[in-house]
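Here the structure comes first, spelled out in structure tokens, and everything after it is commentary.
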Amino acid sequence: MERTFVMIKPDAVARGLAGRIISRFEDAGLTIERMDMVSLTREQAGRNYAEHEGKPFYDGLIDYVTSGPVVKMVISGEGAVTICRKLIGATDPAEAAPGTIRGDLGLVLDANLAHGSDSAESAERETGIFFG
Ligand code: IDP
Ligand code: MG
Numbered sequence: 063m064e065r066t067f068v069m070i071k072p073d074a075v076a077r078g079l080a081g082r083i084i085s086r087f088e089d090a091g092l093t094i095e096r097m098d099m100v101s102l103t104r105e106q107a108g109r110n111y112a113e114h115e116g117k118p119f120y121d122g123l124i125d126y127v128t129s130g131p132v133v134k135m136v137i138s139g140e141g142a143v144t145i146c147r148k149l150i151g152a153t154d155p156a157e158a159a160p161g162t163i164r165g166d167l168g169l170v171l172d173a174n175l176a177h178g179s180d181s182a183e184s185a186e187r188e189t190g191i192f193f194g
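The working numbering runs 62 ahead of the 1-based position in the sequence shown.
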């Protein structure tokens with residue numbers, strides 16, 4: 063049993079897709095352990111995306127993830143980290159496979175709908191940032 067951190071980003075919440083995205087994780091057999099709708103502070107967003115600081119898209123990314131409410135979740139299940147990343151799909155929705163959240167519901171990299179931790183270590187770190 064593994065736990066991961068997943069966030070439905072502001073574009074998806076604004077488009078009314080949160081319920082459908084949550085269902086995809088539940089349909090896969092995963093368990094939503096914790097869930098809350100919040101607006102991120104720039105400080106939280108910066109901590110979550112620290113690895114990207116200094117990259118050309120960094121400021122835009124922080125603007126994007128703080129532009130409106132998000133749904134933050136802790137999701138558990140066998141292989142939850144990898145399964146959630148698979149369900150979310152490739153970073154750029156234009157490249158993401160059909161059947162994935164980004165492939166089915168998105169078009170552009172600037173608004174790619176969801177975040178999922180990329181490893182068990184990231185999951186622990188990110189859960190700490192967002193759930194204390
Ligand atoms: P991931 O979300 O699939 O793990 P990362 O490479 O860790 O992808 O990038 C984090 C987030 O930064 C992406 O989900 C996306 O929102 C944004 N991002 C990444 N690369 C670019 C880019 O080239 N232009 C604009 N935004 C980007
Ligand atoms: Mg990442």
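No residue lacks a Cβ here, since even glycine has one placed at the ideal position from N, Cα and C.
From a predicted model like this one, the values you see are computed outputs, not experimental measurements.
As assigned by DSSP and simplified to three states, the class of M93: The amino acid occupying residue 93 in the given sequence is Thr; Met does not appear at that position. DSSP places T93 in strand when its eight states are reduced to three.
Alpha helix (DSSP H) segment containing F193, residue limits: A182 to F193
Where the alpha helix (DSSP H) through V143 begins and ends: That run of the alpha helix (DSSP H) goes A142 to I150.
Counterpart residues of T66 in DSSP-defined beta bridges: I137
Start and end residues, beta strand (DSSP E) containing G178: Per DSSP, G178 is one residue of the beta strand (DSSP E) stretching across A176 to G178.
Contact test: D154 Cβ vs the ligand MG heavy atom, cutoff 7 Å: no
Nearest-angstrom beta carbon gap, P72 and G130 [assumed within contact, 8 Å]: 4 Å
Whole-angstrom distance between G194 and Q106, CA atom to CA atom: 11 Å
In DSSP terms, what D98 is bridged to: According to DSSP, D98 bridges with K134.
Beta-carbon separation (whole angstroms), P160 vs L171, contact threshold 8 Å: About 17 Å separates the two Cβ atoms, so there is no contact after all.
L149 classed as buried or exposed, judged by whether at least 16 other C-beta atoms fall within 10 angstroms: buried
Cα-Cα separation, N110 to E188: Straight-line Cα distance between these residues: approximately 6 Å.
Cβ-based neighbour list, M97, same chain, cut-off 6 Å, excluding 5 preceding and 5 following: M135
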